[in-house]
Structure formats: C-alpha cells, structure tokens
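Q: Below is the structure I would like to discuss, written out as structure tokens.
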Amino acid sequence: MTQEEYVTEWLPHPSFSLELLSIDTSRSAIHETYQVLINDIPLLHAAIKFSTYTTQSTVVSSPDLTAINVALVPNVDRTSYSQLIKSLNSSDNIYNSDIQYYISNNSVEFGLVIEGHDYGYDYRHILNESGELIMEYILSSNNRDTTVLAQIFNPDPITSAETEYGGNYSDQGDMSNDQLLAAMSQGNVSLRWNEDSLSWELKSDFAWALDLDQSPKIAPPFYTNLTPTSLFYTRSESEFEFINVYYHLNTYHQHLTSLGSPLMNYPQKFDAHAKNGADQSSFNPGNNDPNLLFGDGGVDDGEDADVIVHEYGHAILYDAAPNSNIGAQRNALDEGTSDYIAMSYSKSINEYGYQDIFNWDGHNEYWNGRELVSNRTYPSDLVDNEYADGLLWASAIMEISNCIGRRQTDSILFEAIYSFFPFMTMSQATDAFMSAETNATLGDYKEICEVVFCTYGLLEQCHDTLLSELPLRAPYLGNTYDFGFNNEPIYLFTNGNEIEYIEIFNLQGRLVYFEEWNKSEALFYKLSFESLTNGGYILRITTESEVYPFKLLKFR
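Using my numbering, the first residue of the sequence shown is number -6, and each one after it goes up by one.
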C-alpha cells in the first residue's frame, strides 16, 4: 500500500493529512514515520509507519482512525492558551509545548500538550485553557527512581542538639515541639515508581519499606503526586519513622559501596512500626528473606540512627557469614560489631557523645543504652552477657577507628567478618581481623592494631593486659591505657615493695631504659618514659625479693 492509497482509504476526512517525521533503515527495510494532522495541527499519539522491504512489499502500521466522528472536530482557539503558554515557557522543567488535537472516547478534542521533567521522570501532560490536567502520560522507563528531599533525624535529636535526654528533649508520647523540630535535618531519598499501583514508594536497590509485622498494622507511605515537601513529617506522624529508617539504611549502604564492598546487594526489607509496640528491634534472617523490625515502645526505635544502623549491622554480618551467630562469644561479636557500626556511623555525622550508643532511644527512663569501655580486658572481664561482652570488642574496634580512620577500619572489618564462624572466640576474631588487615592494607596498620588489641587483651599473647582488680601485694601499673594512647604518665604502685631498679626492653630484647630506684616513699609514682617511641615493650621491676615483668604499649 502506498502513502496515497492509505490516505484515501484510511483517513476519515480530507482535513486529515500526513507529515513525514523520520526515515530509519534496518537490515531489510526502510521505515518512514508520519504524523497525522488535522487542519495542519498534530493529532497526539497518531503516528503511521510505512515499512518498505527489500522485496518491495510495504507494511503499514497505524492506529484505527476510521471510528472518529469528524463532524465533531472542534476548531482550535489558540488565543485562549496564549497566557498559559507564556507562563509555562518560563519554567525550566518544561522542554516542549504545543497545541494539539487528541482522541478521547472516539471524539477529537484539543488542548495544550506539554512535555517536561519533574522529580526524576519525564512526562507528557494535556492541559485545558485553565491549566487543569486532563491526561498524563509517563515517558520514562519502568522502575525509574526519583530523588526527593525528606525530613529526618540525623543521627538523632540528642546528638544534633548536643544535649542530654530530658525536658523538651524527651519522648513525651511521640509529641513534637520547637526543640525537636529544630533538631531535624533534611536529606535526599530515592523513591521508586510502582507501575501497578501508579505511585511512588519507599523502595530502592538497597532498602524497601513494608508492613511486615502488621502489629500494629501501619502501612508505609506512598505518593501519587510529589511536591517538594511530600516527605516532610514530624515524629508524631507514623510516616516519619518509615522515612527515617529508609534514609539511614540507604545512606549506610552508600558507605559500603564507597568501600567497594559487595555486601547487602539487595533491597533490605523493613517495618518501621512492628513488635506490637514493644521497645525492641531485631534483624530476622527469615527463610532467605531477611528483614528488620523496629518497635515503637518508649522512644520509637525508627527515630534513632544508632538503632537503625545497629540492626543493619546484624544484617551485614549475616550476609557475610550466614548461620554463624552461634555461641556466647560469637553472639557478643555480633552485638559488638553492630555497636561499632552504629557508633562509627553516628560519629561520622557528629562526634558529640558518640561513645554512648542509642543516645535517643536509650539513656533515658526506658532503658540505659550502652557506652564504650576502656578499662576491661579479655578474657577475665567477660561476664557471659552478649551485650556487655560485645562492648569490649566494640571498644577495641572503635579505638582502632579513632587511630587509623573509619574507612580504613571498615575496609578491614568488612573483610574480616567473612571469616566469622559458630562458637568463634574474640581472640579468633582478632586473628581474623589481623589477617584481613594484612591482605586489605598490606600491613600498613599492623602495629597500631596490635597495640590496641593487646591493650584489651584480645591478642593471645596479651591476655589480661589490663587487670581489673588492684593486686594487694605485688607492684602494680595503673593508667596504662592513657599512657599508651594519650601521652599520660604511668602510675606505679609499689604496694610496700622496696624497688631496686626498673628496666625497659623492646620486643627484640634490647635494653632501652634503666633507672636505679632512689625515690622517696610515696603511695604511687608517675613515670613518663618520654624517650620511648611507639611500640610494645617489657617493663621489668626488680625488688629485693622478686622480679615483676609487665607488658607496656605506647602509641601517640
């Protein structure tokens, strides 16, 4: 069929005509695309395709226009749209506008057709002369994402305000106030278009908000139309916790990606209102369908980035070492690693009070939260409690992070956790960390990591470096931690022993310090040893009756 034959047979009225839009060539045909015009005005979405093959046969592809009632085709009044066109042309989001005919229920109408870009997707709208939307067409591909500004706690109101829990900075039954509003921040979140529900939802490649628990039954928000403030909620609105959890999960995954880690390469499902109102949250591995559930008891867990990222830490550990969280010390390693992940994330935003874990959700009338420790040593100070014992491990990793930086520490840690196994001990986890350090950084931070782990007794040759109880008869060294890390003096308690001299040897056995003891009697003595460089040493105290060796670590 030729173009002339098609016009005669298939176009319903002489006022209809064709205008060539494009010519494309494939391997076996030439394809011509024509726009249908009515009185020289385009008919929207009416394109005719003529494909002429090398065999000289022509195939026509076109919509059926024969049912159009041409007697009812209206005349176009361009003047009624002039003001609207002028106002729209000033918008940076609109890249095309034109008055066109369009088909509605086999009748021909006319309107202003605009094409633009808004919130990450392209669209085509038909407007009447008043600017009202008549029809909308989405031009972007399915599964498109858009970025929208959201209101969040980053990481929590206590940290943002650099204050303590209490007064205006308290839960007060999920109520908001001027102080808590002022403690809010704004951050970008990515939403995904759901073609089935024709709405934007809290879903990305790495996080997915759902009503999983259904106790309480609170569905995550979705949006059919987005505005610049669509995601601005206060903590008294249930949508806020969904937005807040979603933001922090995506943001932490950006950190993983920046390290080159392949962990958590799936949308982590979560429910921001779960646990039937309990003050509890959890990571649940499920049946190959892991999820995070956040409770609403006390301060809603979804309001505190420490809680959110701590639970995400469990998910990270499970992704690296599935089905391995078995055994007392292995449980403590899971808790401690997740505590560190939460603390270091919070510290990267604001260093205020980072040693306190769960600044907003805990450390209040609901529960005590947790905090770093610096005066416990492995294994004597283990108390057979996964949370308390986990703090010993978290404190060591946090100290390493403070020394070499978060990125370097996490690069090592997220390699080491692949080696975690059931009934693993903290010493074995330390060995895994040191092996990962050797492979991830080629040993650049080996000495620093060994000093820290030895301080906490986590290296096998350094067990119980810091004794918890003061010996009653033997000489005792105090303040060894601050000597090692803060350039403060060591406190030597003689406990009534008459000291003859003290010696210090490096780890190669070479004597680097010697002092005959002729000091006047005192309860304790401050010893600085300023000539010592960074590293490990053996300090030997010789009394009239015995020799007492001590491990000595110095860094900074």
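The C-beta atom is built at its ideal place from N, Cα and C for all residues, glycine as well.
If you reduce the DSSP assignment to three classes, tell me which class L256 lands in.
A: Working through the sequence shown from its first residue, we reach residue 256 at position 263. Coil.
Q: Can you list, in chain order, the residues of its chain with a C-beta nearer than 7 Å to that of N121? Leave out the 5 residues immediately preceding and following it.
A: Here the question's residue 121 lines up with position 128 in the sequence shown. Cβ neighbours of N121 beyond the five flanking positions: G104 and I127.
Q: Would you say the region 480 to 495 touches the region 517 to 528, given that touching needs at least three Cβ pairs under 8 Å?
A: Contact annotation: the region 480 to 495 touches the region 517 to 528, with at least three C-beta pairs closer than 8 Å.
Q: Quick check: what's the CA-CA separation for P7 versus I34?
A: For this step, residue 7 is matched to residue 14 along the sequence shown. For this step, residue 34 is matched to residue 41 along the sequence shown. One C-alpha to the other measures close to 13 Å.
Q: For H246, count neighbouring C-beta atoms within 10 Å of its own C-beta (all shown protein chains included) and say buried if the count is 16 or more, exposed if not.
A: Along the sequence shown, one-based indexing puts residue 246 at 253. Under this definition H246 is a buried residue.
Q: Quick check: what's the CA-CA separation for Y380 versus A325?
A: For the purposes of this step, residue 380 is taken as the residue at position 387 of the sequence shown. For the purposes of this step, residue 325 is taken as the residue at position 332 of the sequence shown. One C-alpha to the other measures close to 6 Å.
Q: In three-state DSSP terms, what is F233?
A: Residue 233 sits at position 240 when you count from the first residue of the sequence shown. Helix at F233.
Q: Are D299 and S251 touching if we call contact CB-CB under 8 Å?
A: Here residue 299 refers to the residue found at position 306 when the sequence shown is read from its first residue. Here residue 251 refers to the residue found at position 258 when the sequence shown is read from its first residue. The answer is no: Cβ separation not under 8 Å.
Q: So, with DSSP's three-state summary, where would you put F413?
A: Position 420 of the sequence shown, counted from the first residue, corresponds to residue 413. Correct three-state label for F413: coil.
Q: Indicate whether V238 and A267 have their beta-carbon atoms separated by less than 8 Å.
A: Position 245 of the sequence shown, counted from the first residue, corresponds to residue 238. Position 274 of the sequence shown, counted from the first residue, corresponds to residue 267. If you check the CB distance, V238 and A267 do not come in under 8 Å.
Q: Specify the secondary structure class of N89 as computed by DSSP and reduced to three states.
A: One-based indexing of the sequence shown puts residue 89 at position 96. Residue state, collapsed to three classes: strand.
Q: Applying the 10 Å Cβ sphere with the 16-neighbour rule, what's the burial state of N430?
A: Within the sequence shown, numbered from 1, the residue matching residue 430 stands at position 437. First, the residue type needs correcting, since residue 430 is Glu and not Asn in the sequence shown. Result: buried.
Q: Taking the beta strand (DSSP E) that F287 falls in, what are its first and last residues?
A: For the purposes of this step, residue 287 is taken as the residue at position 294 of the sequence shown. Run containing F287: N284 to G288, per the beta strand (DSSP E) assignment.
Q: According to DSSP, A202 sits in a beta bridge with which residue or residues?
A: Here residue 202 corresponds to residue number 209 of the sequence shown, with the count starting at 1. Partner(s): F263.
Q: In whole angstroms, what separates the C-alpha of L132 from that of S123?
A: On the sequence shown, position 139 is the one that residue 132 refers to. On the sequence shown, position 130 is the one that residue 123 refers to. So the alpha carbons of these two residues sit roughly 24 Å apart.
Q: If contact is defined by three or more beta carbon pairs under 8 Å, each pair taking one atom from either stretch, is the region 166 to 182 in contact with the region 141 to 156?
A: yes
Q: Taking Cβ positions, are S254 and F407 nearer each other than 8 Å?
A: Mapped onto the sequence shown, residue 254 falls at position 261. Mapped onto the sequence shown, residue 407 falls at position 414. In contact: S254 and F407 (Cβ atoms closer than 8 Å).
Q: Can you name, in chain order, every residue of its own chain whose Cβ lies under 7 Å from the Cβ of E328, other than the five neighbours on each side?
A: As a working mapping, residue 328 is identified with position 335 in the sequence shown. Hits under 7 Å: E379, Y380 and G383.
Q: Would P312 pass as a contact of L256 if the rule is Cβ separation under 8 Å?
A: Position 319 of the sequence shown, counted from the start, is the residue given in the question as residue 312. Position 263 of the sequence shown, counted from the start, is the residue given in the question as residue 256. The residue you asked about is not Pro; residue 312 is Asp in the sequence shown. For D312 and L256, yes; Cβs fall inside 8 Å.
Q: Using a Cβ-Cβ cut-off of 6 Å (strictly less than) and excluding sequence neighbours within five positions of G290, which residues of its own chain qualify?
A: Counting from 1 along the sequence shown, the entry for residue 290 is found at position 297. Result list for G290: G270, A271 and D272, in chain order.
Q: Quick one: grab the DSSP three-state call for V366.
A: The count along the sequence shown starts at 1 and reaches residue 366 at position 373. Correct three-state label for V366: coil.
Q: Evaluate K210 with the Cβ neighbour count: other Cβ atoms within 10 Å of its Cβ, from every protein chain shown; 16 or more gives buried, anything less gives exposed.
A: Working through the sequence shown from its first residue, we reach residue 210 at position 217. Taking every protein chain shown into account, the CB of K210 has fewer than 16 other CB atoms within 10 angstroms, so this residue is exposed.
Q: Taking I107 as the reference, which of Y94, S90, S190 and D115 has the closest Cα?
A: Here the question's residue 107 lines up with position 114 in the sequence shown. When each option's Cα is compared against that of I107, the closest is S90.
Q: Measure the C-alpha to C-alpha separation of I61 and V69 and round it to an integer number of angstroms.
A: Looking up residue 61 in the sequence shown gives position 68. Looking up residue 69 in the sequence shown gives position 76. Going by C-alpha positions, I61 is about 17 Å away from V69.
Q: What first and last residue would you give for the alpha helix (DSSP H) that runs through P150?
A: Reading the sequence shown from its first residue, position 157 is the one you call residue 150. Run containing P150: P150 to A154, per the alpha helix (DSSP H) assignment.
Q: Pop quiz: K544 and L525 are said to be a contact at Cβ under 8 Å. What is the actual Cβ separation, rounded to whole angstroms?
A: As a working note, residue 544 is residue 551 in the sequence shown. As a working note, residue 525 is residue 532 in the sequence shown. Wrong, their Cβ atoms sit about 13 Å apart, outside the cutoff.
Q: Pull the bridge partners of T535 from the DSSP assignment, please.
A: Residue 535 sits at position 542 when you count from the first residue of the sequence shown. Answer by DSSP bridge pairing, in chain order: Y494 and V540.
Q: How long is the line joining the alpha carbons of D293 and Y506, rounded to whole angstroms?
A: Position 300 of the sequence shown holds residue 293. Position 513 of the sequence shown holds residue 506. For D293 and Y506, the distance between alpha carbons rounds to 57 Å.
Q: Apart from the five residues just before and just after S192, which ones in its own chain have a Cβ nearer than 8 Å to its Cβ?
A: For the purposes of this step, residue 192 is taken as residue 199 along the sequence shown, with counting starting at 1. So the list reads W186, F215, Y216 and T217, once near-sequence residues are dropped.
Q: Suppose the cutoff is 8 Å on Cβ atoms and the five residues either side in sequence are ignored; what does the same chain contact list for T434 look like?
A: Counting from one through the sequence shown, the residue named residue 434 turns up at place 441. Within the same chain, T434 has close Cβ partners Q401, S404 and I405.
Q: Using DSSP with H/G/I as helix, E/B as strand and the rest coil, what is N187?
A: Your numbering for residue 187 matches position 194 in the sequence shown. Residue state, collapsed to three classes: strand.
Q: Flag this pair as yes or no: are the beta carbons of L30 and L37 separated by less than 8 Å?
A: On the sequence shown, residue 30 is found 37 positions in, with the first residue counted as 1. On the sequence shown, residue 37 is found 44 positions in, with the first residue counted as 1. Result no, Cβ atoms of L30 and L37 do not sit closer than 8 Å.
Q: From what residue to what residue does the alpha helix (DSSP H) around S428 run?
A: The count along the sequence shown starts at 1 and reaches residue 428 at position 435. Boundaries of the alpha helix (DSSP H) around S428: M419 to T434.
Q: Please classify T47: does DSSP put it in a helix, a strand, or coil?
A: Here residue 47 is taken as the residue at index 54 of the sequence shown, counted from 1. T47 carries a coil assignment under DSSP once its states are collapsed to helix, strand and coil.
Q: Whose C-alpha, out of P372, R503 and L385, is nearest the C-alpha of E364?
A: Within the sequence shown, the letter at position 371 stands for residue 364. The residue with the shortest Cα to Cα distance from E364 is L385.
Q: Which class does G109 belong to by DSSP, given the choice of helix, strand or coil?
A: Here residue 109 corresponds to residue number 116 of the sequence shown, with the count starting at 1. Note: G109 maps to strand in three-state DSSP.
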